[in-house]
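Protein chains in written order, with the numbering used here: chain A, 1170 to 1747; chain B, 1170 to 1747; chain C, -15 to 289; chain D, -15 to 289. In this text, a Cβ means the ideal position worked out from N, Cα and C, and glycines have one as well.
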Amino acid sequence: MAIDLTLRIGGEGGEGVISAGDFLMQAASLAGMEVVTFKSFPAEIKGGYALSQLRVSDQHILSQGDGFNILIAFNGEAYELNKSLLTPGTVMIYDTGSEADFEPEEIPGVIMYPVPMGEIAKRQLKAYITKNMVALGAAAELFNIPVDTLKESIRQKFTRKGDKVVQLNYQALEAGAEHVRNNLKKQESFEFPKPREKKDVLIIEGNQAIALGAAMAGCKYYGAYPITPATTVGNYLAELILGLGGFVYQAEDEISALGTCLGASFAGAKVLTATSGPGISLMTELIGLGIMAEIPLVIANIQRGGPSTGMPTKHDQGDLYQACFGTHGDAPKIVLAPANVEENLYLTIDAFNLAEKYQTPVFLLSDASLALRVEAIKRPDMSKVKHEHRMTRNGKADEKFLRYMSTESGISPTGIPGMPGHAYAATGLEHAENSGPRTNPDTRNLMTEKRWRKFDNIEDEWKPVEREGDEQAEVGVISWGLTQSIAKEAVQRLRAKGLKVAALYPKMLWPLPVKAIKAFVDSVNQVLIPEANFQGQFAEIIKAEVPIHDKLVKLNVYRGEPFIPREIEEKIEEIYPK
Amino acid sequence: MAIDLTLRIGGEGGEGVISAGDFLMQAASLAGMEVVTFKSFPAEIKGGYALSQLRVSDQHILSQGDGFNILIAFNGEAYELNKSLLTPGTVMIYDTGSEADFEPEEIPGVIMYPVPMGEIAKRQLKAYITKNMVALGAAAELFNIPVDTLKESIRQKFTRKGDKVVQLNYQALEAGAEHVRNNLKKQESFEFPKPREKKDVLIIEGNQAIALGAAMAGCKYYGAYPITPATTVGNYLAELILGLGGFVYQAEDEISALGTCLGASFAGAKVLTATSGPGISLMTELIGLGIMAEIPLVIANIQRGGPSTGMPTKHDQGDLYQACFGTHGDAPKIVLAPANVEENLYLTIDAFNLAEKYQTPVFLLSDASLALRVEAIKRPDMSKVKHEHRMTRNGKADEKFLRYMSTESGISPTGIPGMPGHAYAATGLEHAENSGPRTNPDTRNLMTEKRWRKFDNIEDEWKPVEREGDEQAEVGVISWGLTQSIAKEAVQRLRAKGLKVAALYPKMLWPLPVKAIKAFVDSVNQVLIPEANFQGQFAEIIKAEVPIHDKLVKLNVYRGEPFIPREIEEKIEEIYPK
Amino acid sequence: MELLQTPIKPKEYRSEIESTWCPGCGDFGVTTALTNIMSQMQMDPDSVLTISGIGCSSRLPLWLRTFGFHSCHGRALPVAIGAKIANPDLNIFVTIGDGDMFSIGAGHVPHAARRNFDIKVFCMDNNMYALTKNQVSPTSRHKKKGSLSPYGTLDSPINPIELMITYGATFVAQSYTGSMKHTTAMMKAATEHKGFAFVNLLSPCPTFNHEETFKYYKPRIYDINEEGHKDLSNRMKALELSDRAMDHYQESGSDAKIPIGIFYKTEKPVFAENLAELKKSYSSAYGSADKPDWNKIFDQYAPQQ
Amino acid sequence: MELLQTPIKPKEYRSEIESTWCPGCGDFGVTTALTNIMSQMQMDPDSVLTISGIGCSSRLPLWLRTFGFHSCHGRALPVAIGAKIANPDLNIFVTIGDGDMFSIGAGHVPHAARRNFDIKVFCMDNNMYALTKNQVSPTSRHKKKGSLSPYGTLDSPINPIELMITYGATFVAQSYTGSMKHTTAMMKAATEHKGFAFVNLLSPCPTFNHEETFKYYKPRIYDINEEGHKDLSNRMKALELSDRAMDHYQESGSDAKIPIGIFYKTEKPVFAENLAELKKSYSSAYGSADKPDWNKIFDQYAPQQ
Ligand SMILES: Cc1ncc(C[n+]2csc(CCOP(=O)(O)OP(=O)(O)O)c2C)c(N)n1
Ligand SMILES: Cc1ncc(C[n+]2csc(CCOP(=O)(O)OP(=O)(O)O)c2C)c(N)n1
Ligand code: SF4
Ligand code: SF4
Ligand SMILES: [Mg+2]
Ligand SMILES: [Mg+2]
């Protein structure tokens, strides 16, 4: 039988919750397992509730799962916050002894393994910070986690701190295991999948995938201002891009960050910025300039809870409206949204290519959960990666150059500083084909239509939608971003149960792939659109184009945590004809 | 028979085109006529094509009209740009003689009155700048414009420049009239309405009405940064508000402008800012803060052509999407749009009251044409003006104050610095009822729902919609902003012809008055939504809520000029069942 | 909310909201100094408005039982200005970070200073961005490492003291949160100053900044006022002194001393005074500002004969 | 586009787009000076990028047959920085107004200057906002009238020269567009300087500004370099000199002289040099930067044993 195990670690930020999870992740992929992580940081720098979750399987994994099989509770807060999920059949390893700040109740059917992790770390190892290792050691012993690979990943992380630190951590691991051997009896049958042949994978975090995708796409300039949860895109890119001849520029604010991106792109570079809602808000004016002057830009919005400063570390899909409609005036652009870490990488590459081809700003909408999710993805094959470059005139230097020539496609050949015979002045003013400012009605009409015409056939030129499930279904699910990966698991579960369910997974949200959505809607009796925002922003955007009002069921969470598959599954079952 | 006369003056910016129009406007209203003006400034500081148009009638006037009866062409450009509108029955007074730069062709049916305005001004009066007065004098003689009132308005304008200047202008006026008497023969029957009893009106420009409305609403702080076409709101307010104990603060940019408004409103003042698209774009982040911290704000967006710098002096209705959806996150707010100058005044007052009542930012969407439109409106009655004030707790100082208490209405009593026992720290972070930052799912859900609940019944609490026309109609028109005043004229013309036509005029665009729109849509067979933007932004917003996809016909202009009534009239006739 | 006892003790100026700062954070000293000063001056907490942007340091207003506004990153000064114009009687403290003030908020600073608003600005300068987990800020030394410049930044730092004097602030001082006495003295002098007052508070971040620590500062600090700088209104002298404030950043002069104390102080009419005068000249324009004669206002727009 | 003749004449640097400036506008002088300089230096127009924000002055790039970017209000510097980092070979001119630079763009200036990008900034200072029809700017004198402050502004002006020196610009000068010779000399010296160069160009607006006119400036202008200021790298001296640059704004000293010339000039590595060095140290990280060994990159993310 397939093994599908989810282990959650909860505790106070700074207690090693996140790093314990990372070691498990490393070890599991070293052992050739499939893995997906889910993490949640507190808003505080130190303290606050942190969560790290690992789902391992010998099969392909779609989402973070519905809950957990095993909880490792480092403190009372972790226990309290997860108590409701401790259902019969789940397991809890928890801190006990002299350092513990809580004492759990007994819950019928829940298997409890008390481990004095704090006490062992403090008294026996004289190093309270090894508490997470003691816990790991206990878990390893209980669930057959390959200790060698665990040690290997610990060694890699701590080796630069010296052998003493590595050994101390090994000891803590062993102490945890020993405590289990001496004091506890395994009362359930959970265990990690068996180690198997190592696959040729990369272990990548969401934001890291954007950074790597950008590098692979030929990005040579990244201008940004730090903001949670986007900063790490730049962290990952800073040295990588230098080795590729590019640069990460930390600007004085987001306006400047995007301004430098516009300048660098105008000068010919492929550019990226990553930010979150507040940063996008500040960039709004210059995004409009990119649209008016037709300058390629890739803008990653790692969404967090809004409005305003909101919840910087929490999951939310509330910035879709802004991406599509935030700029003043009639302002065409492209909006993409990846569903998982692998898509983060490949859609980033697509974003660069679309930006170059259509000479336009392209949004990439990720979010705080996807930013931190770690997956083991297949090693990319660079020979299969395509690179688009903006069309330049390459004409004779003595031919008149019309930068904004109203071509049939709406895309006009451009020039790059340094190219002879291509000099032109870009402007945010309405302009004539030669780029000179002009406000007469005919020019205005010509240019407005040209700017929009570029995108007339984008849905056909680039198939931005996937579909799965029954050709004619009772319920069809449309979702976007991280929610897709969760909806997918729900849909597959229901189909396994024999329900006639289908799903549509648009990767491009704007311009809306209307044809594909129309066709999908026609093929199902009800449409469920689950989204992690209050308004149901994508549902509304679809409704404006496709009259699904009667078929539509919205499902929204806005609590700062992603959907779990079961919520979508249950909603579909609820609306499914009985 | 009713007199309805439209006179257009066209020429180079700086030649007195606009001031000639203003004198006519003044004179006409002094004579008790109904008047509406339409003006268009060039983008250049000096030079460029300027247009001033006056429509006078003895009946109530709705819009700027379809074209003109009389053109006064100061130069060749004005002639060229208006040639196509010189249809049989129209009249052109034009510059001729030694200073003229053009010679018009004869157009069959068009009556031509050559007047050497430049020459008379330069040679006879030795003052080329009086050219516009010579033209006015000629027009006065031809069309029976009351010269006394014209002189009176000239006197009022120039009196502080000294009597010599006044006399010179009088002479120019007389010289123009004399030229007509001596050289031309009236060949048509156009004339101004007869002077009648003076009405108790105010002559007000669009932006001036916002300024006056704000003053009447109790605005005590205006923080802004100059931008065309919004700057004049502040110009009009600067001294007025000082006399009322308030202040106009010119900030270093729009971000700062809105930041100061937030601070002033937090401190208890009623505040306004006015800007245009680029300014709103920069304010986006702080608008979100106003929403999250629930701070009353009135934000007037005097729209111009976008995206980016676009067309600063041109008409456009392209910022509706941004007003409704521009801020990151799920961000509720109110969006109003006035249709004419009088509404500019009263909706501004409403905006202040709504901001206070709902503790929220309120947008007022005007535009570059409405900004410059002049109307004679009824003198307001201050005793009828209501003032809402934000609800404060007024509790005992020792009771626990929960600034963001989740009340049934969603509106929470607030406190103002200086009030004992109300101290709280506003924050853009998600927060608990006591205003402390909090990110747990329950609090998040509670607060998100509270923020939205405020607006659940706003359509019923404040009837933001007018309707006119047949109860069951073949065609129903929905429009917003300035386009309403034009659509109204079209609808009334068609109803006079006996067509079954109705119209809905929403004054609040967001939250969308869904009930009224649904009821209206149900009562008509087709829906026409004319808008001055490319995407049909309001139509799309409606479609998302009300499935009118099959009934809908969009009509869009995005050329930088408002609709004329005939365009809407003809479109309705075109889709009207034959 | 509890009723306050008179005299109000420092801890009564603290709110019920618990601090989220790390143990050992330099910013605790600023909170303590501020509540001490308010207590010493027996300020009515309901007349105090504490305003911040975003950052670790900017959380400070949340810990206080005064009115507070934790606004957006970089926007504390505009918010403060609006509040002060709307209600000149408020005592306004701006409590922010080096990044908030001199990076994203940099554009507001010269304009706030030159207008001489009566606002006290306390900048908690930890020489980097803490809340976003370790990036360089405008006050970071050349070559400092941050998450976006792990090789050491190419940038050279700004000099906050010199800038503020140049901008026209009428009170400019520096202190170090390792010395509660000096910090309190400087913040109090600023609070007592009438006009735009700026205190740069060297406030170590033990979690992320392992260079500019308490240990680093302690031996380097010296008090310029004690050591003879008394001619506080001499702008050129203040500039010269401030010019040396960052010498310790130079690789060559790494044991250079770090000046704390009042660099500059001058008297100038504050914005509110100028505005009050202006308002007075308009006060009878329509009868009275409070109960204006509206028809007198409307008449201005009526066609006149 | 016409082929260029060698040597390229000044007027060949002009584009086909016609100027919309008013007759008599001071900014014409800047355009002329710039085309003269480019011709004197025989710059390849295809290697020149002229960048501006929004304002009358900011229209300048449109009149040139170089690459140009008429960006958004206040954003010329960030755009210039991005372009310069992406292509250090470009010759970058930033041509903007006093409002664009010191009001809405104020936050970018210190950061551009302290990083010493090799960019030439020519600020056309007409002491007000012209394009929006007469408001005060940060360089407007106290009590100047503008449409939003018809009673005369309450603000005191900033001092552009002093600010730029404080910010770390490595070349700071002032000129006056009434003197084509001096304007050209200053702009040329800036262009020849390696590093961040700033020239404040007193450039009257005859349409709206009836105070700071050509007539006003002419008798007040004096050349500091001719009158003895030679020790250009002396920062303190430069600050002292600049301190007096706005004396003519004081009501008491209304016939004070107005200094033009080079205030400050120093040598410092430019950003591009530091960056080139940094890049070099990473250049063989993956084989080569141009043709990297991608598997070497991917290996960094592979679980290792
Ligand atoms: C518009 C915006 N951009 C970025 C951020 C992320 N951010 C929060 S605090 C901060 C820097 C804070 O630095 P500083 O002001 O020095 O405060 P510290 O944390 O060091 O006390 C940044 C970049 C934000 N909140 N808003
Ligand atoms: C975001 C934004 N705000 C405001 C404006 C309006 N605006 C255009 S130019 C200008 C001021 C220009 O002043 P300055 O830079 O001194 O140029 P000048 O016209 O005096 O040459 C303003 C406020 C704008 N274009 N964009
Ligand atoms: S991270 Fe640094 S600045 Fe922030 S609270 Fe902790 S110690 Fe203080
Ligand atoms: S308004 Fe002034 S600055 Fe603008 S073009 Fe005319 S003269 Fe020059
Ligand atoms: Mg800091
Ligand atoms: Mg200017």
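> What is the DSSP secondary structure of K1367 (chain B), counted as helix, strand or coil?
Replying inline: Along the second sequence, read from residue 1 onward, the residue named residue 1367 (chain B) stands at position 198. Residue state, collapsed to three classes: coil.
> How many angstroms separate the CA atom of L48 (chain D) from the CA atom of D30 (chain D)?
Replying inline: By one-based count along the fourth sequence, residue 48 (chain D) stands at place 64. By one-based count along the fourth sequence, residue 30 (chain D) stands at place 46. So the alpha carbons of these two residues sit roughly 11 Å apart.
>> Quick check: is the beta carbon of I21 (chain C) nearer than 9 Å to any beta carbon in chain B?
In response: Within the third sequence, residue 21 (chain C) is the residue found at index 37, counting from 1. By this cut-off, I21 (chain C) is not an interface position.
>> Taking the alpha-carbon of V78 (chain C) as reference, which of C:S87, C:A70, C:D274 and C:G58 has the nearest alpha-carbon?
In response: Looking up residue 78 (chain C) in the third sequence gives position 94. Here the closest residue by C-alpha is C:G58.
> CA-CA distance, W1649 (chain B) and A1506 (chain B)?
Replying inline: As a working mapping, residue 1649 (chain B) is identified with position 480 in the second sequence. As a working mapping, residue 1506 (chain B) is identified with position 337 in the second sequence. Each residue's alpha carbon lies about 7 Å from the other.
>> With a threshold of 8 Å (Cβ to nearest heavy atom), would K1215 (chain A) be considered close to ligand 3?
In response: In the first sequence, residue 1215 (chain A) corresponds to position 46, counting from 1. True, at least one ligand heavy atom lies under 8 Å from that Cβ.
> Mapping DSSP to helix, strand and coil, what is T50 (chain C)?
Replying inline: Stepping through the third sequence from its first residue, residue 50 (chain C) is reached at position 66. If DSSP states are grouped into helix, strand and coil, T50 (chain C) belongs with coil.
> Helix, strand or coil for N118 (chain C) per DSSP?
Replying inline: For this step, residue 118 (chain C) is matched to residue 134 along the third sequence. N118 (chain C) falls in the coil class under three-state DSSP.
> Is Q119 (chain D) near M112 (chain D), with beta carbons less than 9 Å apart?
Replying inline: Counting from one through the fourth sequence, the residue named residue 119 (chain D) turns up at place 135. Counting from one through the fourth sequence, the residue named residue 112 (chain D) turns up at place 128. A contact, by the Cβ cut-off of 9 Å.
> Going by other Cβ atoms of all chains shown within 10 Å of its Cβ, with 16 needed for buried, is Y206 (chain C) buried or exposed?
Replying inline: The residue labelled residue 206 (chain C) in the question sits at position 222 within the third sequence. Exposed, because fewer than 16 other Cβ atoms sit within 10 Å of the Cβ of Y206 (chain C).
>> Within a Cβ cutoff of 6 Å, which residues of the same chain sit near S1209 (chain A), ignoring the five residues on either side of it in sequence?
In response: Along the first sequence, one-based indexing puts residue 1209 (chain A) at 40. Contacts found: L1220.
> Can you tell me the Cα-Cα spacing of A1378 (chain B) and S36 (chain D), whole angstroms?
Replying inline: Against the second sequence, residue 1378 (chain B) aligns to sequence position 209. Against the fourth sequence, residue 36 (chain D) aligns to sequence position 52. Going from the Cα of A1378 (chain B) to the Cα of S36 (chain D) covers about 35 Å.
>> By the three-class DSSP mapping on this structure, what secondary structure does W278 (chain D) have?
In response: Mapped onto the fourth sequence, residue 278 (chain D) falls at position 294. Here W278 (chain D) sits in helix by DSSP.
> Taking only runs of the alpha helix (DSSP H) that begin and end inside the stretch 1286 to 1318 of chain A, which ones reach a length of at least 4 residues, in chain order?
Replying inline: 1300 to 1312
> Run through DSSP, which three-state label would E1181 (chain B) get?
Replying inline: Along the second sequence, one-based indexing puts residue 1181 (chain B) at 12. Here E1181 (chain B) sits in strand by DSSP.
> Closest to K275 (chain C) by CA distance: which of B:Y1745, B:T1256, B:I1711 and B:M1551 is it?
Replying inline: Reading the third sequence from its first residue, position 291 is the one you call residue 275 (chain C). Checking every option, the nearest Cα to that of K275 (chain C) belongs to B:M1551.
>> Tell me which residues share the same chain as M(-15) (chain D) and place their Cβ nearer than 7 Å to its Cβ, disregarding the 5 neighbours each side in the sequence.
In response: Counted from its first residue, the fourth sequence places residue -15 (chain D) at position 1. Only weak support exists for where M(-15) (chain D) lies, its pLDDT of 47 falling under 50; the value from the coordinates is given anyway. Excluding positions up to five away in sequence, the list is empty.
> Can you pull the DSSP bridge partners for C107 (chain D)?
Replying inline: Indexing the fourth sequence from 1 puts residue 107 (chain D) at position 123. In DSSP, C107 (chain D) forms a bridge with D:I80 and D:N184.
> Between T1206 (chain B) and chain A, is there a C-beta pair that is closer than 9 Å?
Replying inline: Along the second sequence, read from residue 1 onward, the residue named residue 1206 (chain B) stands at position 37. Judged by the 9 Å Cβ criterion, T1206 (chain B) is not in contact with chain A.
> Name the chain A residues that come within less than 9 Å of S41 (chain C), Cβ to Cβ?
Replying inline: In the third sequence, counting from the first residue as 1, residue 41 (chain C) sits at position 57. Result: empty, since nearest Cβ-Cβ is about 12 Å, beyond 9 Å.
> Given a threshold of 16 other Cβ atoms within 10 Å of its Cβ, counted over all protein chains shown, does R1365 (chain B) qualify as buried or as exposed?
Replying inline: Working through the second sequence from its first residue, we reach residue 1365 (chain B) at position 196. A residue is called buried when at least 16 other Cβ atoms come within 10 angstroms of its Cβ; R1365 (chain B) does not meet this threshold and is exposed.
> Taking only beta-carbon atoms, is A96 (chain D) less than 9 Å away from chain B?
Replying inline: In the fourth sequence, residue 96 (chain D) corresponds to position 112, counting from 1. No, no contact with chain B.
> How close, in whole Å, do the beta carbons of N258 (chain C) and T168 (chain C) come, if the pair is a contact with beta carbons under 8 Å?
Replying inline: Translated into the one-based positions of the third sequence, residue 258 (chain C) becomes position 274. Translated into the one-based positions of the third sequence, residue 168 (chain C) becomes position 184. Not confirmed; about 31 Å, so no contact.
> Going by the C-beta, is Y1394 (chain B) closer than 8 Å to any heavy atom of ligand 2?
Replying inline: For this step, residue 1394 (chain B) is matched to residue 225 along the second sequence. At least one heavy atom of ligand 2 is nearer than 8 Å to the Cβ of Y1394 (chain B), so yes.
>> Using CA atoms only, rank isn't needed, just tell me which of A:I1686, A:Q1419 and A:L1255 is closest to V1634 (chain A).
In response: The residue you call residue 1634 (chain A) lines up with position 465 of the first sequence. Out of A:I1686, A:Q1419 and A:L1255, A:I1686 has the C-alpha closest to the C-alpha of V1634 (chain A).
> In three-state terms, what does DSSP make of N1338 (chain B)?
Replying inline: For the purposes of this step, residue 1338 (chain B) is identified with residue 169 of the second sequence, where counting begins at 1. Helix.
> Does M112 (chain C) come within less than 9 Å of chain D when only Cβ atoms are used?
Replying inline: Reading the third sequence from its first residue, position 128 is the one you call residue 112 (chain C). It does not; no Cβ of chain D falls within 9 Å.
> Do D1422 (chain A) and ligand 1 come close, with the Cβ less than 8 Å from some heavy atom?
Replying inline: Counting from one through the first sequence, the residue named residue 1422 (chain A) turns up at place 253. Correct: D1422 (chain A) has its Cβ closer than 8 Å to ligand 1.
> Is any heavy atom in ligand 3 found nearer than 8 Å to the beta carbon of D82 (chain C)?
Replying inline: Sequence index remark: in the third sequence, residue 82 (chain C) carries index 98 (1-based). False, no ligand heavy atom lies under 8 Å from that Cβ.
>> Residues of the stretch 136 to 148 of chain D in Cβ contact with chain C at a cutoff of 7 Å, in chain order, please.
In response: Those residues of the stretch 136 to 148 of chain D placed with their C-beta closer than 7 Å to a C-beta in chain C are L138, D139, S140, I142, E146 and L147, ordered along the chain.
> In terms of DSSP beta bridges, what is G245 (chain D) paired with?
Replying inline: By one-based count along the fourth sequence, residue 245 (chain D) stands at place 261. G245 (chain D) is bridged to D:Q158.
> In chain A, which residues lie less than 9 Å from N71 (chain D) when you measure between Cβ atoms?
Replying inline: Walking along the fourth sequence from the start, residue 71 (chain D) turns up at place 87. In chain order: A1433, A1436, G1437, A1438, I1585, P1586 and G1587.
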